[in-house]
Amino acid sequence: MNTGRNSGHGFVSAFAPQLEDYLAFKQAMGCYGASRIWYLRQFDAYCADRDRTVFDRDTVEGWVLERLARSGRYRSWMSYIRDVGRWLQAHGHADAYVLPDRWKAGVVPAHPYLLRREEIEAFFTAAARLDTPSPWRWQAACFFTLMHSCGLRTGEVRALRTGQVDLRDGHLDILWAKGNRSRRLPITDQVIEVLAACDRASRRRFSSRDTFFVSATGHPVTGATVAVMFRRIWDQAGLPRPAHGTRPTPYAFRHHFAYANIERWAAHGQDVAALLPYLSRYMGHAGLGPDPESWTR
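Per this note's numbering, residue 1 is the first one in the sequence shown, and the count goes up by one each step.
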């Protein structure tokens with residue numbers, strides 16, 4: 001392998017040139033996924049910290065084992081490092097290690113992290129005071145409000161375009177979301193105020209933006225960035241991260257929205273079973289699953 005160098009994607013290990021060439025190849029094939037880049041950066045950092053210079057079994061499986069100890073529900077990232085090994089073999093590195101199929105991991109069953117009221121209050125207090133030069137300074141509270149108060153998926157908030165936010169009539173249009181389903185969501189006056197404040201700040205910096213939430217370059221925000229900002233705000237709020245078991249993620253706000261509505265209906269003596277189809281429609285589900293956890297996906 002070549003000597004490491006700083007690269008366009010921030011790679012610094014001995015594998016930096018090969019990782020750059022691999023990503024250029026994938027992009028030429030129309031693959032621009034941000035998650036692939038994010039995980040390869042983690043692999044690169046692992047190799048740099050341990051002075052790994054050979055793409056062998058110890059290097060690849062060592063990183064995989066470390067990630068498994070901290071991985072969440074989805075583990076499709078294994079396919080990224082497997083694909084790198086295959087690409088290396090096809091481009092002059094016959095000894096490059098290809099992660100075998102036995103490492104293919106399925107989806108771990110979901111166990112939602114249920115947010116407490118004190119955690120939610122502390123989180124949004126910290127979000128409103130976020131100190132960063134990026135648009136997240138004024139976007140953070142608004143972005144996570146849509147997940148908490150409207151039960152939106154992370155990807156739905158990221159994809160929300162300015163034309164889909166009607167502040168005058170008070171609704172959001174969620175278009176071609178999961179399962180190619182669209183829906184119009186009424187929003188409260190409080191949510192409208194939060195959205196309006198965010199929109200005013202964004203218009204001053206990004207007058208021609210297409211998506212409601214943008215990065216520092218005016219492009220749509222990535223899923224990896226959302227996760228990073230969530231953890232940053234969580235830590236800034238002084239909230240603990242569980243050492244074991246389910247950990248909080250942005251999706252916890254969507255879980256909270258579902259359970260909070262069900263609990264409120266039950267507390268007021270309403271017919272929960274009769275109201276569940278309305279909740280399902282609002283949250284963009286095809287139908288009700290066999291267990292409550294399925295209602296939040």
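Built from N, CA and C at the ideal position, the CB exists for glycine as well.
Quantities reported herein were computed from a predicted structural model and do not represent experimental measurements.
Integer Cβ distance of residue i from residue j, believed to fall under 8 angstroms
i    : j    : result
F213 : Q139 : 5 angstroms
R41  : Y80  : About 11 angstroms separates the two Cβ atoms, so there is no contact after all.
P135 : S215 : 7 angstroms
P220 : R158 : 6 angstroms
Q164 : L175 : 6 angstroms
L195 : F123 : About 18 angstroms separates the two Cβ atoms, so there is no contact after all.
Reduced DSSP secondary structure (H/G/I, E/B, other) of residue i
i    : result
V272 : helix
I233 : helix
T59  : helix
R161 : strand
L99  : coil
T132 : coil
I262 : helix
C-beta atoms of residue i and residue j nearer than 7 angstroms
i    : j    : result
G170 : M283 : no
V60  : Y97  : yes
A128 : A141 : yes
R82  : L99  : yes
R168 : T211 : no
R181 : D173 : no
A34  : A224 : yes
Close Cβ partners of residue i (< 7 angstroms) along its chain, the five nearest in sequence each way excluded
i    : result
M229 : W136 and A140
E263 : none
H268 : none
Contact set for residue i: own chain, Cβ-Cβ below 6 angstroms, skip 5 residues either direction
i    : result
V226 : T154 and P250
F257 : G151
A201 : W138
Cβ shell of residue i (< 8 angstroms), same chain only, five flanking positions each side left out
i   : result
E20 : S7, G8, H9 and F11
message = Counting beta carbon pairs with one atom in the region 110-127 and one in the region 238-248, are three or more of them shorter than 8 angstroms?
response = yes
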